Amino acid sequence: MAKAYLPPKQTGIGQFVDSIFLIVLVYGCLMLPLLFNFGGGESAAEAPAEKTEITWQSLQQNEVMQAQWEKLGYSPEEAAELINARFDYSIEPISLGVTALVILGYFLFVLKYSEKEYRDVIAERFGRTQK
Amino acid sequence: MSTAATAESGKDRLFLLKVLGPIHVWALGVGIVLVGEYMGWNFSVAKGGALGSLIACWVIGLLYTCVAMIDSEVTSTVAAAGGQYTQAKHIIGPLMAFNVGLYLVMAYTMLEAADALIVGDLLTQLAEESGVTDFNAQAFVVLTIAILAFMNYRGVLMTLSVNFLITAVAFIAIIVMFFGISPWNEGVTIFHGDLLTGLPYGWIGVVAALQFGMWYYLGIEGTCQAAEEVRSAGRSIPLGTMCGMITLLIAASLTWFMASGLLPWEYLGQAMVPLYDTARMTGSPMLQTLLFVGTLFAAVASANGCINDASRAWFSMGRDRYMPTWFGAVHPRYRTPFRSIVFLIPIAVSFAFTGLLDQVITFSILSGLLGYTFMSINVIKFRRKWPLGVIDRGYVHPFHPLPALMLLTLCTATYFATYLGYGPQLLSIMVFYIIASIWFALHRYKYVARGDQFTMTWPRPAGY
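Protein chains in written order, with UniProt numbering: chain A, 1 to 131; chain B, 1 to 464.
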């Protein structure tokens, strides 16, 4: 058996500091981008080519669609904002590449580092193998 | 085991009570997820159109079938609290386990935030329809979550028994609504022929819709959080999980059918409570009331299950010193992870108060997605380290490694889907996990006892 690792005992203050760090991490990484609107989740409305009166016909809504919009309490003007909203799916190769690298790099790091830690766990639990 | 303390290493350690059966496992899984049929799934309509959303629903159904198959095998073999977190400790290693624990906590906490947000929106809508102005739903949101937290604090059996009842009502509401709108009367009571408009973004929209397609099923893997508290893990976990998946596939298809046949897709794609809106379109006060109750119950059941699951994952990490050990305490009387329950509630409520449902949901989806990516790697390593026959498995999933490879492929497609429209959220959550991983590796891991990470009575893994 490998000699058992004896972890230090964490003080109450140390535990408190770690808990605060985690809260700051959650709010810093996830809440701040939401509050300061760093982007994402936005669908922009396409501007009409020329200023015309908005009607159900100009919004290309058939009779059934029109009836359903009206049941929901929408006028053509109010519905136009929703009907004309569209996501932009244009792909920027650099941002896509960076995103892919970040995800791949993250998994490689976690798996590689875990493997190192796992060997210690197995060595302590089952003993070191003879080479 | 079901009694209080068991002596371990010369020191008394409290364990969770073994009181649950397959029906509780079903209620835990479906209870968390069923709210996904009542809200959130419809953002996939905004990303790919109504038909794109249906295709996403089925493709992601395949992803979750892989998840359920893989999870049933590993969980019925590693029957301990913490679910996938405990699996990662035994199969991949501490840093992966730490990350998996965080995925679970964040996925369920953000889902709980979305549930709270829906309760608020629903009550606001009711107030508006009743002519009440200046209604502030936040107090009701806090009250709802506080009551659920108290139930979780008091005991798991009562919590999940209540979940079973309210989940059953929410599921029955969908079935009653389906028959209530007479779906066989196309063109009279339902209008797919006139409302479906093809694929507004083409096939890239279908891929983009995969992101919110996950919302139909997200959280079903939560069944394995109860592994330490079920009487027979080998029977209850696979049975409860598979029945849950079948329930959700039926509910998801019915939900899409009703909503897309009564609401214009542009409205449906941004609606906060789409099934309730669908009920409003029928003009039936009975259906409207039923769907109001169904939506409320689904959100409450989901929040209830999320508090249960997130706190168990956090508790497990505290017990193993991956987090401060203060969180690893079990209540001496109720045997619940009471400190973990209380700690996570304010985080969920504060994210609910942002009011940004699609973005809060995206954080939950991404944490879930990272967890599914882990599962595909995990099961391959599990079979390599302990081939069939070496250890007792409660359940063996068929066609290995096909489900794992399919899962990895679909996860990759869903990362790309999230990049389309929600790229900044994808990067911000990756930054969160990267910083947390560095913190664990450089600081937190020194408090972890190495050999204690492997507690199963299995032989040495092959290759080590």
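Idealized CB from N, CA, C, for every residue including glycine. Everything numeric in this text was worked out from a predicted model, so none of it was measured.
Check                                                                                                                                         : Outcome
Backbone secondary structure at Glu53 of chain A - three-state DSSP                                                                           : coil
Minimum Cβ-Cβ distance from Ile80 of chain A to chain B less than 7 angstroms                                                                 : The sequence given here has Ala at residue 80 of chain A, not Ile. No, no contact with chain B.
Neighbour-count burial assignment, Thr6 of chain B, 16 or more Cβ in a 10 Å radius                                                            : Any reading at Thr6 of chain B is ruled out, since the residue's pLDDT is 36, under 50, leaving its predicted position unreliable.
Where the alpha helix (DSSP H) containing Ile13 of chain A begins and where it ends                                                           : 12 to 26
Buried or exposed (CB count within 10 angstroms, at least 16 for buried), Trp26 of chain B                                                    : buried
Minimum C-alpha distance to Glu266 of chain B - residue among B:Val35, B:Asn152, B:Leu195, B:Phe432                                           : B:Leu195
Chain-order list of residues whose beta-carbon lies under 7 angstroms from that of Ala4 of chain A (same chain, five-residue window excluded) : Glu124
Proximal residues, the region 91 to 122 of chain B versus chain A, C-beta separation under 7 angstroms                                        : Ile92, Gly93, Pro94, Leu95, Met96, Asn99
Boundaries (first-last residue) of the alpha helix (DSSP H) holding Gln270 of chain B                                                         : Element bounds for Gln270 of chain B: n/a, residue is neither H nor E.
For Asn42 of chain B and residue 472 of chain B, believed in contact at Cβ under 8 angstroms, the rounded distance                            : Outside the shown range of chain B, which is 1 to 464, sits residue 472 of chain B, and nothing can be said about it.
Whether Thr223 of chain B touches Gly29 of chain B by CB criterion (7 angstroms)                                                              : yes
Proximity to Arg450 of chain B [Cα-Cα], best of B:Leu410, B:Pro346, B:Tyr322, B:Val342                                                        : B:Tyr322
Residue from B:Ile391, B:Gln453, B:Ile434 with nearest C-alpha to Ser367 of chain B                                                           : B:Ile434
Per-residue contacts from Asp194 of chain B into chain A (C-beta, under 8 angstroms)                                                          : Asn62, Glu63, Val64, Met65
Residue 492 of chain B - partner residues in DSSP beta bridges                                                                                : An answer regarding residue 492 of chain B cannot be provided, because it is not within the stretch 1 to 464 covered by chain B.
Inside the region 31 to 99 of chain B only - alpha helix (DSSP H) runs reaching at least 4 residues                                           : 35 to 38, 43 to 77, 84 to 91
Alpha carbon of Ala100 of chain A to alpha carbon of Pro76 of chain A, nearest angstrom                                                       : 42 angstroms
Leu59 of chain A versus Glu78 of chain A - alpha carbon distance                                                                              : 11 angstroms
Gly213 of chain B, buried or exposed, once every other Cβ within 10 Å from all chains shown has been counted against 16                       : buried
Euclidean distance between Cα positions of Leu101 of chain B and Val24 of chain A                                                             : The displayed chain sequence assigns Gly, not Leu, to residue 101 of chain B. Distance between the alpha carbons of Gly101 of chain B and Val24 of chain A is about 18 angstroms.
Neighbour list for Thr55 of chain A in chain B, Cβ cutoff strictly below 9 angstroms                                                          : Simply none; closest approach about 15 angstroms.
Distance, Ala251 of chain B Cα to Val162 of chain B Cα                                                                                        : 20 angstroms
Within chain A, partners of Met281 of chain B - CB distance below 7 angstroms                                                                 : Gln68, Lys71
Reference Asp320 of chain B, options B:Pro94, B:Ala441, B:Leu199, closest by Cα                                                               : B:Pro94
Boundaries of the alpha helix (DSSP H) in which Glu124 of chain A is found, first to last residue                                             : 93 to 126
Alpha-carbon to alpha-carbon, Pro22 of chain B and Leu239 of chain B                                                                          : 6 angstroms
Whole-Å CB distance - Cys306 of chain B paired with Ile32 of chain B, under 8 angstroms assumed                                               : 6 angstroms
C-beta neighbour in chain B for Lys131 of chain A, strict 7 angstroms                                                                         : In this predicted model, Lys131 of chain A has a pLDDT of only 48, less than 50, meaning its place in the structure is not dependable; the value taken from the coordinates is given anyway. So, not an interface residue.
Closest Cα partner of Met96 of chain B within the set B:Phe399, B:Gly371, B:Tyr419                                                            : B:Gly371
Anticipated Cβ contact below 8 angstroms, Trp403 of chain B with Cys66 of chain B, distance rounded                                           : The identity of residue 403 of chain B in the sequence shown is Pro, whereas the question assumes Trp. Confirmed, Cβ separation roughly 4 angstroms.
Where the alpha helix (DSSP H) through Cys29 of chain A begins and ends                                                                       : Unbroken run through Cys29 of chain A: none, as it is neither H nor E.
Contacts that Ile204 of chain B makes with chain A (C-beta to C-beta distance below 8 angstroms)                                              : Tyr89
CA-to-CA distance, Ala173 of chain B to Leu82 of chain A, given in whole angstroms                                                            : 29 angstroms
Separation of Ala259 of chain B from Lys89 of chain B, as counted between CA atoms                                                            : 43 angstroms
Status (buried if at least 16 other CB within 10 Å, exposed otherwise) for Trp311 of chain B                                                  : A small fix is needed here, since residue 311 of chain B is Ser in this sequence, not Trp. That one is buried.
C-alpha gap between Val26 of chain A and Ala226 of chain B, whole angstroms                                                                   : 26 angstroms
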